[in-house]
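Student:
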Amino acid sequence: MPASSNSLAWDPIITDCLDVSCGRSADILDISTEDETNTTVAAEQFFEELEQITQGRHSKTFSDLSFGQRLVFTWEYRSFNTPARVPVLMFAFDTDLVGASGALNLVRTKSGYMIWSLHTAIEGLQGHPEVPARDGHMTGDKSWYAQRLEDDNLEGVEPEVIVIGGGQCGLQIAARLKALGVTSLVVERNQRISDNWRNRYEYLSLHLPHWGDHFPYFPIPEHWPTYTPAAKMGDWHEWYANAMELTT
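First residue of the sequence shown? That's 1275 in the working numbering, and the numbers climb one at a time after it.
1) Residues in its own chain within less than 6 Å of Gly-1297 by CB, not counting five upstream and five downstream?
2) Of the residues Ala-1366, Arg-1422, Thr-1500, Arg-1408, which one's Cα is nearest the Cα of Leu-1392?
3) Quick check: the region 1417-1434 against the region 1481-1496, are at least 3 beta-carbon pairs closer than 8 Å?
4) So the beta strand (DSSP E) Thr-1383 belongs to, where does it begin and stop?
5) Let me know the secondary structure DSSP gives Gln-1465 once reduced to three states.
6) Any idea if Ser-1353 is buried or exposed, counting beta-carbon neighbours within 10 angstroms, 16 or more meaning buried?
7) Can you grab the Cα-Cα spacing for the pair Ala-1316 / Pro-1499, in whole Å?
8) Tell me which residue opens and which closes the alpha helix (DSSP H) that Asn-1473 is part of.
9) Go to Gln-1326, then tell me how far its beta strand (DSSP E) extends in each direction, as first and last residue.
10) Three or more beta-carbon pairs under 8 Å between the region 1433-1446 and the region 1399-1411, yes or no?
11) On the DSSP bridge assignment, give the partners of Tyr-1501 in chain order.
12) May I ask you to verify whether the region 1504-1522 touches the region 1363-1378, counting CB pairs closer than 8 Å and requiring at least 3?
13) Tell me the DSSP secondary structure of Asp-1426 in three-state form.
14) Using the DSSP secondary-structure output, state which residues sit across from Val-1435 in a beta bridge.
15) Could you give the first and the last residue of the continuous alpha helix (DSSP H) run that contains Ala-1448?
16) Could you give the residue range of the beta strand (DSSP E) that holds Tyr-1351?
17) Within its chain, find whatever has a CB closer than 6 Å to the CB of Ser-1340; leave out the 5 residues flanking it on each side and keep chain order.
18) On a Cα-Cα basis, can you pick out the residue from Ala-1374, Thr-1313, Val-1381 that is closest to Gln-1526?
19) Where Trp-1510 and Phe-1320 are concerned, what is the direct C-alpha to C-alpha distance, given to the nearest angstrom?
20) Going along the chain, which residues of its own chain have a beta-carbon closer than 8 Å to the beta-carbon of Pro-1406, five neighbours each way excluded?
21) Which same chain residues end up closer than 8 Å to Ser-1458 when comparing Cβ atoms and leaving out the 5 residues on each side of it in sequence?
22) Residues in the same chain with beta-carbon distance under 7 Å from Glu-1462, minus the five sequence neighbours each way, listed in chain order, please.
23) Can you look up Gln-1421 in the DSSP assignment and give me helix, strand or coil?
24) Return the bridge partner residues of Ala-1515 from the DSSP annotation.
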C-alpha cells in the first residue's frame, strides 16, 4: 500500500496464519463467531484499518493500548502507553512503633471504587528521630579531613553494628544507621566497594531502568543513563559511601 511522505506504510507479508477454532475465545469475550475463522483475512483487514488510522493520525484510537517496540521506530527499546487513569492517593500514618507512608491505587467498578494496589513503607522509628546534619563549620581543633580520617579508622570507637557486604543493601543500611546516630562498620570482601559490579563482564548494563535504584539521602542524578552500566553503578556505590562518610 502506498504511504504519504509523513506516514507509515503497513504492507506486511503475512506468514503462518492458520484457520483455527475460536470457540474458547468467544466464550471468554462473550461474543458470537463462526466455528472457523480465516486468520489471513482477519489479518489483512486489520492492517488495512491500521494504515488508515496511522496515516490519518488518529492517536485517540490507541489511547487504551500499550505498544512495545524494539528498535523499529526508535533506536532504543520503548513502550508507549497513555497516562494512567487510575486515581492515586498518597497518605501518611503512624503506628505504635513506626511512622509510615503509603500509596493507594483505586479503580472504579460497578460497585464503586475498589483498591487496585496498596503499598506502605516505613519512614522512621517512633522515639528515634534522625540526628540533625552537622553544620560543617570547623570551629574545633580538628579540620573536617582530620576528623574524617579518625572516624574512618574508628579511633577510640567500637562500632555498634557490623554490616556484612558493601553492596547496595549494605550501604543503605549503613547510611540509615548513621542518620540515627548509630556507629557502624561496613565489611566488604572485595578490594573496593561494589567490585562485585565491576568484576562482571565488561558490557553489562542493568536490565531495568534506574528509576527504583535511588539510595536514601542521595538520589541518582536526573541526567543519568536509563540502564546503568555495571561499572558506573559500582562507581556510584563508591561515591555514595564517600559522600555519606560511611566507614568501610
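Cβ atoms here follow ideal geometry from the backbone N, Cα and C, with glycine treated the same way.
Tutor: Concretely, from the data shown:
1) With a pLDDT of 47 at Gly-1297, under the threshold of 50, the predicted position of this residue should be treated as unreliable, though the coordinate-derived value follows. In its own chain, leaving out the 5 sequence neighbours on each side, no residue places its CB closer than 6 Å to the CB of Gly-1297.
2) The residue from Ala-1366, Arg-1422, Thr-1500, Arg-1408 with its alpha-carbon nearest to that of Leu-1392 is Ala-1366.
3) Contact between the region 1481-1496 and the region 1417-1434 is absent: fewer than three C-beta pairs spanning the two stretches fall below 8 Å.
4) Taken as a continuous stretch (DSSP letters only), the beta strand (DSSP E) holding Thr-1383 covers 1372-1383.
5) In the three-state scheme derived from DSSP, where H, G and I count as helix and E and B as strand, Gln-1465 is classed as coil.
6) An exposed status is given to Ser-1353, since fewer than 16 other beta-carbon atoms sit within 10 Å of its beta-carbon.
7) Each residue's alpha carbon lies about 41 Å from the other.
8) Segment: none, Asn-1473 is in no alpha helix (DSSP H) and carries neither H nor E.
9) Not the beta strand (DSSP E): Gln-1326 falls in the alpha helix (DSSP H), residues 1313-1329.
10) With a cut-off of 8 Å, the region 1399-1411 and the region 1433-1446 do not count as touching, because too few Cβ pairs lie within range.
11) Paired residues: none, contrary to the question.
12) Between the region 1504-1522 and the region 1363-1378 there are fewer than three C-beta pairs closer than 8 Å, too few to call the two in contact.
13) It is helical.
14) The partner list for Val-1435 (beta bridge, DSSP) reads Ser-1458.
15) Ala-1448 -> alpha helix (DSSP H) spans 1442-1453.
16) Per DSSP, Tyr-1351 belongs to the beta strand (DSSP E) from 1351-1355.
17) Result list for Ser-1340: Asn-1355, in chain order.
18) Residue 1526 lies beyond the residue range present for the chain, which begins at 1275 and ends at 1522; the question has no answer from this structure.
19) Going from the Cα of Trp-1510 to the Cα of Phe-1320 covers about 48 Å.
20) Cβ neighbours of Pro-1406 beyond the five flanking positions: none.
21) Excluding sequence positions up to five before and after Ser-1458, its CB lies within less than 8 Å of the CB of Pro-1433, Glu-1434, Val-1435, Ile-1436, Val-1437, Ile-1447, Ala-1448, Leu-1451, Lys-1452, Leu-1520, Thr-1521, all in the same chain and listed in chain order.
22) Counting only Cβ-Cβ distances below 7 Å, and skipping sequence neighbours, we find Gly-1439, Gly-1440, Thr-1522.
23) Assignment of Gln-1421 by DSSP, reduced to helix, strand and coil, places it in the helix class.
24) In the DSSP output, where bridge partners are listed per residue, Ala-1515 has none listed.
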